[in-house]
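Undergrad: Got a structure for you, questions after.
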Amino acid sequence: MVLESLSEKLKESLRKITKSIFVDKRVIEDLVKDLQRSLLSADVDVQLVFDLTEKIKQRALEEKPPKTISQKEFLIKIVYEELVNFLGKEKSEIKIERKKPFKIMMVGLFGNGKTTLAQKLAKYYSKRNYKVATLGLDVHRPSAPEQLQQLSKQINIPCFINPEEKDPIKIYKQFEKEYKKYDILIIDTAGRDALSDDLIQEIESLKKEINPDETVLVFSADIGQDLKNQAEAFKKACNITSIVVTKMDGTAKGGGALVGAASTGAKIKFLGTGEKPEDLEPYIPERFVSRLLGMGDLETLLEKAKEAISDEEAKDLGKKFLKGEFNLLDLYEQMEAMKKMGPISKVMEMIPGFSQLKLPKDALQVQEGKLKKWRIAMNSMTKEELERPDEVMSTERINRISKGSGIQGSEIRDLIKQHKTVKKMMKMMKGKDPSKLMKKFKLPGM
Ligand SMILES: Nc1nc2c(ncn2[C@@H]2O[C@H](COP(=O)(O)OP(=O)(O)O)[C@@H](O)[C@H]2O)c(=O)[nH]1
Ligand SMILES: [Mg+2]
185 MVLESLSEKL KESLRKITKS IFVDKRVIED LVKDLQRSLL SADVDVQLVF DLTEKIKQRA
245 LEEKPPKTIS QKEFLIKIVY EELVNFLGKE KSEIKIERKK PFKIMMVGLF GNGKTTLAQK
305 LAKYYSKRNY KVATLGLDVH RPSAPEQLQQ LSKQINIPCF INPEEKDPIK IYKQFEKEYK
365 KYDILIIDTA GRDALSDDLI QEIESLKKEI NPDETVLVFS ADIGQDLKNQ AEAFKKACNI
425 TSIVVTKMDG TAKGGGALVG AASTGAKIKF LGTGEKPEDL EPYIPERFVS RLLGMGDLET
485 LLEKAKEAIS DEEAKDLGKK FLKGEFNLLD LYEQMEAMKK MGPISKVMEM IPGFSQLKLP
545 KDALQVQEGK LKKWRIAMNS MTKEELERPD EVMSTERINR ISKGSGIQGS EIRDLIKQHK
605 TVKKMMKMMK GKDPSKLMKK FKLPGM
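For any residue, its number in this note's numbering is found by taking its place in the sequence shown, counting from 1, and adding 184.
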C-alpha cells in the first residue's frame, strides 16, 4: 500500500487509544505527540503538523461525544475527520465534457511522470469507454515523442507525434483535423529542470493555442513538503486546474507531498502509484484516510462489488457474512464474487475491521481451475451435504461424490477445508463486529 510506514505508525497510535481504559488528557496528549512524530517522519511541514494536532487536541478536550459512540471511538473519529480535512476535504475528479475532444494537458518539470501519466490517463479513460488519443509536444528531450508513442501503443491508443518538428504549436496544428474523432485528447508537454521563464512562456503559448479543458500539474511525491512551494510558484505563473502526485509508491515523503499539494488549494485528482499503466488511483481523501488508518474502505469495496455483483447479491452476501451462516453454495458464490473483485488481500484491506485481524491473507483465494472442479463436485452432493458439510460429511460420502463427479477425493476434502476456514474467519470477524464501526463513521452501511 501507498505510504505504508506512515500508515503503520498511525494505526499503532489508534491501537493505543483502543487499548487505553479511558480517554483522559494524558491519552490525548500522547496521541497528539504520536501523530506529530508520524507526520513529521513522512516529511509533512512542521507548522501544518502543529496546526492539525492542535485542532485535534482542542476538539478532543472540548467536544462531547454523541450518545451513540464511546469517547474512544469519538477520539478516533476526530482524528479521521481532521486528517480528511488536512488531506484535501472533498473528492474532485476531472469532469469530462462531451466536446470532441476534451483536452487534458500535462505540465511539470523533468522526470516527474508527465509522459507516464499521459499513458495512465489514456488507459483510465479508454477503459471507461471514451475514445482517447495522445499528442506528444515535448520537443526538448530527444526521444520524448517516441516514448509517448511507445507507451500509447502498449495500450492500443493512437498517438500523434512529429519528431522532426521543434515547434510544439506547429505539431499541434499539424494534426488538428484528427482530434475531432476523439472524446479525449491527452497532451504531453516538455519539462525543464526548474520552473524557468522559458517554461512558463512555453506553457502559456500552448495554452493560448490549445485552450485545454484541464491543465494538470504533475509532481513526483519524492520532493516531499517542497511540493507546496513549487506548486504555488506554478500556480502563480500559469493557471493550472489540478495536481496529480506521482510516485506515491516509492517514497516515505509522500505524506508531506500530499499535504503540501492539498494546502495550496489546488485539487488533487489522481495519485500515481507505480510504473505500470494501471497504477493510477482517483484521489478521494475520505477513502485515502480510512485506508491509511486501517479502518477499511467500505466505499471502494462496495463500488468494486457493484461491478462484479448486483446490489441485492452484495447485500445478501454481506448479511450472511456477518451472521456467520453460510453453506457450500454460498462459499462458491462468495469465491466467484471475490474473484471478480480482485486479489483478496486488497479486498480485505477495504473491509472495516478486517485489516485489524491477523488472517492468512490468501485464505479465500482459490484458483479458477479448482473452482470449476468444486462446482462439478457440488453437483453430485445432496442438499444436506451442501447445507451442512461440517456435520454430515464422511469418508463414504466423499467417495460417493468423487465417483459421481469424477473429481478426486482430495479435491473434495480441500473444498470442505476451505469452507471451514472461511467459517472460522467469519466468526472472528463477528466478534469484532465491523458493522458497528461502519455505522460510527457513517459509511454507507450493509
Ligand atoms: N514508481 C513510480 N515510477 C513512476 C511513476 N510515474 C512515473 N514513474 C517513472 O518515472 C520516470 C520518469 O517518468 P516520465 O513520465 O518519463 O517523466 P516526465 O519527464 O515528466 O515525462 C519513468 O522512469 C517512470 O517509469 C509512479 O507513479 N511510480
Ligand atoms: Mg516526458
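We put the beta carbon where it would ideally sit given N, CA and C, even for glycine.
Just the C-alpha distance for residue 456 and residue 341, rounded to the nearest angstrom, thanks.
TA: Roughly 20 Å separates the two Cα atoms.
Undergrad: Among 227, 594, 332, which residue has its Cα nearest to the Cα of residue 438?
TA: Nearest C-alpha to residue 438: 227.
Undergrad: Can the beta-carbon of residue 396 be found less than 9 Å from the beta-carbon of residue 289?
TA: Their beta carbons are under 9 Å apart, which means residue 396 touches residue 289 by this criterion.
Undergrad: What are the start and end residues of the beta strand (DSSP E) that includes residue 434?
TA: Unbroken run through residue 434: none, as it is neither H nor E.
Undergrad: Between the Cα of residue 262 and the Cα atoms of 274, 275, 276, 246, which residue gives the shortest distance?
TA: Nearest option by C-alpha distance: 246.
Undergrad: State the start and end residues of the unbroken alpha helix (DSSP H) segment that holds residue 193.
TA: It spans 188-203 - the alpha helix (DSSP H) in which residue 193 sits, taken as one unbroken run.
Undergrad: Answer yes or no: the CB of residue 322 versus the heavy atoms of ligand 2, is any distance below 8 Å?
TA: Yes, since a heavy atom of ligand 2 falls inside the 8 Å radius drawn around the Cβ of residue 322.
Undergrad: Please identify the residue among 303, 591, 434 whose C-alpha is closest to the C-alpha of residue 339.
TA: Nearest of 303, 591, 434 to residue 339, Cα basis: 303.
Undergrad: Do you know offhand how far residue 431's Cα is from residue 208's?
TA: Cα-Cα distance, rounded: 40 Å.
Undergrad: May I ask you to check if the CB of residue 299 is nearer than 8 Å to at least one heavy atom of ligand 2?
TA: True, at least one ligand heavy atom lies under 8 Å from that Cβ.
Undergrad: Should residue 375 be listed as close to ligand 2, given that the test is whether its C-beta is under 8 Å from any heavy atom?
TA: Answer for residue 375: yes, Cβ within range of ligand 2.
Undergrad: Between which two residues does the beta strand (DSSP E) harbouring residue 372 extend?
TA: Per DSSP, residue 372 belongs to the beta strand (DSSP E) from 368-373.
Undergrad: Report the rounded CA-to-CA distance for residue 404 versus residue 366, giving the unit in angstroms.
TA: Each residue's Cα considered, the two are about 29 Å apart.
Undergrad: Using CA atoms only, rank isn't needed, just tell me which of 474, 426, 356 is closest to residue 276.
TA: Answer by Cα proximity: 426.
Undergrad: Give me the residue from 584, 571, 577, 513 with the minimum Cα distance to residue 558.
TA: Out of 584, 571, 577, 513, 513 has the C-alpha closest to the C-alpha of residue 558.
Undergrad: Output the distance between the C-alpha atoms of residue 192 and residue 582, rounded to the nearest integer angstrom.
TA: Residue 192 and residue 582: Cα-Cα distance of roughly 45 Å.
Undergrad: Counting pairs of Cβ atoms below 8 Å between the segment 312-330 and the segment 340-360, do you hit three or more?
TA: Result yes; three or more Cβ-Cβ pairs closer than 8 Å.
Undergrad: Quick check on residue 568: buried or exposed, where buried means 16 or more other Cβ atoms within 10 Å of its Cβ?
TA: With fewer than 16 other Cβ atoms within 10 Å, it is exposed.
Undergrad: If you draw a straight line from the C-alpha of residue 414 to the C-alpha of residue 218, how long is it?
TA: The straight-line gap from Cα to Cα measures roughly 29 Å.
Undergrad: Should residue 285 be labelled buried (16 or more other beta-carbon atoms within 10 Å of its own) or exposed?
TA: Burial call: buried.
Undergrad: Considering only DSSP beta bridges, list what residue 287 is partnered with.
TA: Answer by DSSP bridge pairing, in chain order: 369.
Undergrad: Is the beta carbon of residue 408 within less than 8 Å of some heavy atom of ligand 1?
TA: Incorrect: residue 408 has no Cβ contact closer than 8 Å to ligand 1.
Undergrad: Does the distance between the C-beta of residue 325 and the nearest non-hydrogen atom of ligand 1 fall short of 8 Å?
TA: Yes, the beta carbon of residue 325 sits closer than 8 Å to at least one heavy atom of ligand 1.
Undergrad: DSSP state of residue 465, grouped into three classes?
TA: Strand, per DSSP.
Undergrad: Taking 8 Å as the line, does the beta carbon of residue 418 fall inside it for any heavy atom of ligand 1?
TA: Flag unset: Cβ of residue 418 not near ligand 1.
Undergrad: Hey, would you say residue 198 sits closer than 9 Å to residue 223, going by beta carbons?
TA: No; because the gap between Cβ atoms is not below 9 Å, this pair is not in contact.
Undergrad: Beta carbon of residue 576, beta carbon of residue 271: below 9 Å?
TA: Cβ atoms of residue 576 and residue 271: not closer than 9 Å.
Undergrad: Measuring from the CB of residue 306, is there a heavy atom of ligand 2 at a distance below 8 Å?
TA: For ligand 2, not one heavy atom lies less than 8 Å from the Cβ of residue 306.
Undergrad: With DSSP as the reference, label residue 491 as helix, strand or coil.
TA: Unreliable positioning characterises residue 491 in this predicted model, as indicated by a pLDDT of 49, which lies under 50. The coordinate reading is nonetheless provided below. Helix at residue 491.
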